[in-house]
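S.K.: Can you read through this structure? Questions will come right after.
In the numbering used here, the protein residues as written are 3 to 94.
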């Protein structure tokens with residue numbers, strides 16, 4: 003039984019690591035102004051954006067130091083660590 007549990011946990015971790023990336027054209031991404039590259043954020047359309055903000059230094063980012071990681075805003079998908087959206091919240 004332990005082997006089955008370990009195998010199941012490994013499969014879940016593998017699935018999470020292979021999650022699809024958020025598409026900038028996805029309706030939710032558009033609504034939040036998501037850009038995979040924060041340096042391309044249109045400041046006229048995203049007045050909350052400030053230079054240096056990106057997903058990897060957002061409190062919601064679940065990727066640690068990885069180039070891409072999960073975000074509860076985009077459940078089941080990964081965001082670019084270099085990305086940004088209007089839900090940005092600076093890590094404490």
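Quick reminder that beta carbons are idealized off the backbone N, C-alpha and C, glycines included.
Quick one: grab the DSSP three-state call for residue 47.
M.R.: Note: residue 47 maps to coil in three-state DSSP.
S.K.: Pick helix, strand or coil for residue 78, following the three-state DSSP scheme.
M.R.: coil
S.K.: According to DSSP, residue 71 sits in a beta bridge with which residue or residues?
M.R.: 81
S.K.: Might you give, ordered along the chain, the residues of its own chain that have their beta carbon closer than 6 Å to the beta carbon of residue 79, omitting 5 neighbours on each side?
M.R.: 21, 22, 24
S.K.: Is the beta carbon of residue 81 closer than 8 Å to that of residue 71?
M.R.: Between residue 71 and residue 81, the C-beta spacing is below 8 Å.
S.K.: Should residue 61 and residue 83 be called a contact, given that it needs their Cβ atoms to be closer than 8 Å?
M.R.: no
S.K.: By DSSP, does residue 37 sit in helix, in strand, or in coil?
M.R.: strand
S.K.: Our contact map puts residue 93 next to residue 59 with C-beta atoms below 8 Å; I'd like the distance itself, whole angstroms only.
M.R.: 6 Å
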